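Inspection log for the structure reproduced underneath, given as structure tokens.
There are 2 protein chains.
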Amino acid sequence: MNIGFIGTGNMATNLAASFLGAGLSVKAMYSRNTLLHMDFSNEYGVEITDDLSKFEMLCDVIFITTPDSEIEKYSQLIKTNSEQTILHCSGSTVLSVIKHINSGVFYPLQTLTSQKLTNFKEVPIIVEASNSSTLEKINTIATKISNNVTTMDSEQRAKLHLAAVVTNNFVYYLNSLSREWLKQNNISDQLLKPLAIKTIENSFDGEPFTLQTGPAIRHDLNTIERHLAMLENNQEIQEIYKILSEEILKRNRIN
Amino acid sequence: MNIGFIGTGNMATNLAASFLGAGLSVKAMYSRNTLLHMDFSNEYGVEITDDLSKFEMLCDVIFITTPDSEIEKYSQLIKTNSEQTILHCSGSTVLSVIKHINSGVFYPLQTLTSQKLTNFKEVPIIVEASNSSTLEKINTIATKISNNVTTMDSEQRAKLHLAAVVTNNFVYYLNSLSREWLKQNNISDQLLKPLAIKTIENSFDGEPFTLQTGPAIRHDLNTIERHLAMLENNQEIQEIYKILSEEILKRNRIN
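Protein chains in written order, with my numbering: chain Z, 1 to 255; chain B, 1 to 255.
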């Protein structure tokens, strides 16, 4: 099995390094800017090419790691034979955008950067395939790098991706708001970190909402009013504070 | 130094256990329901009493750990002499609600439960006092249990408490929304946990907002629209999704 990547971004570099570490063969990466990726090429011994027909010759398991909007285009651009397999790595894109007979999805549920490569051991990898032999092939690859491989159809995966946006993107945004607010007020933002970590431990303990604390769930309108007043010159965080408190207050009334 | 607590909730039990572990003397806890706390009393050898005058006799450093709205009342109810010190543990209550000559604040920036006692070693403890000898006394106590003790005035502490509400209560709420959504769709909610943990690591790395990812910061309106459509029967999460995405989109335009 010779693995190749269309794209050389965070997903491609993290998966390539992890596959190589697990003893899999990664042959090539396709990029329009080969010079940009010489370091990676030299360190890992993976050929970076801007020649798509050469790329097609070298690889039989092809991961498309482009932006979601370009997956379909590349799945049509690359010429493959029926022995080859084409995969994408997107949480929110249906399998059927890839028209090839052996198509699949390989979606690692983690936020990735090229600066610090990820160990996938505990990272859930969500897989899907157009037929059972392709599914078997994808599972073989996935279980080489992760202990947490789950098969899911495109609809379920899209729902999971939505939850990931809330738990990753929105939480990152809230913590950035907190830190910015503290910095503006000359308070060390790192003071929040132990609390933030404990919050995540509590978040996955027991039933959702059962450990909800804070002014809103206590119906402590005094504190909420004082906080909103403190935020009168910080419209963005004030608006977020207001809507989230209102929603938690509603939960308080219902439960 | 003989420490006592007004109240027997999460704050009192966590601090009492931690103080005892650090070799400090915890003499008594005041509660109107002494029977409720026999287990704690037996395990830690701390007297639980409903007799306020007895409590006053036993203790010279008194932590008021009642709900915020009752701190002032209890600070007036307990009869103390000028040798004694009275503290509260609230993030959002000013020091001056305690009228005693030796008053102080001892605010651990962490979410606490009685079920699982906290090790305070890495927990920031925010202190404040009405005079320098009291501040010294509070610092002595705080540094026995934590390596992270910071002095702050009431106004700064209130700002920090506001940030803690965002980073703890609102993040817990978002993760509960995610998990509830997955449970409704028969998807294992524990799949999100590695992502949630990594999100916190990223949240405190570099400048706020610089690692923001997701559909909104990419201006990927297609994905946002699809997510909002998926949520059409889940008004609460749909509303949260909408407002947070709108705010992140605005950041995208500004930056």
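Heads up, the beta-carbon is just placed ideally off N, CA and C, and yes, glycines get one too.
For clarity, every value in this text was computed on a predicted model and none was experimentally measured.
Backbone secondary structure at residue i - three-state DSSP
i      : result
Z/M1   : coil
B/F170 : helix
Z/G21  : helix
B/N255 : Low confidence applies to B/N255: its pLDDT is 48, below 50, so where it sits in the model is not reliable, and the reading given next is rough at best. In this structure, B/N255 counts as coil in the three-state DSSP scheme.
Z/T150 : strand
B/S114 : coil
Z/Q190 : helix
B/L231 : coil
B/F120 : coil
B/F209 : coil
Z/V94  : coil
B/K99  : coil
Z/T13  : helix
B/L109 : coil
Z/T80  : coil
Z/N175 : helix
B/T66  : coil
Residues bridged to residue i (per DSSP)
i      : result
Z/V61  : Z/I3 and Z/T85
B/G104 : B/L87 and B/A129
B/A28  : B/G4 and B/E47
The alpha helix (DSSP H) enclosing residue i, as first and last residue numbers
i      : result
Z/P132 : As written in the sequence, residue 132 of chain Z is Ser, which differs from the Pro given in the question. Residues S132 to I145.
Z/T199 : K193 to S203
B/R218 : From DSSP, B/R218 is part of no alpha helix (DSSP H); its letter is neither H nor E.
Z/E72  : I71 to L77
Buried versus exposed, by CB contacts within 10 Å (16 or more), residue i
i      : result
B/Q235 : exposed
Z/D153 : exposed
B/E232 : exposed
B/M230 : buried
Z/A22  : exposed
Z/D60  : buried
Z/Q110 : buried
B/P67  : exposed
B/L36  : exposed
B/N255 : Its pLDDT being 48, under 50, B/N255 is placed unreliably in this model, and the value from its coordinates should be taken loosely. The residue in question, B/N255, is exposed, as its Cβ has fewer than 16 Cβ neighbours within 10 Å.
Z/R179 : buried
B/S53  : exposed
Z/D189 : buried
Z/M38  : exposed
Listed by chain order, chain C residues near residue i by CB distance under 7 angstroms
i     : result
B/L15 : Although the question refers to chain C, the structure presented lacks it and instead comprises the protein chains Z and B.
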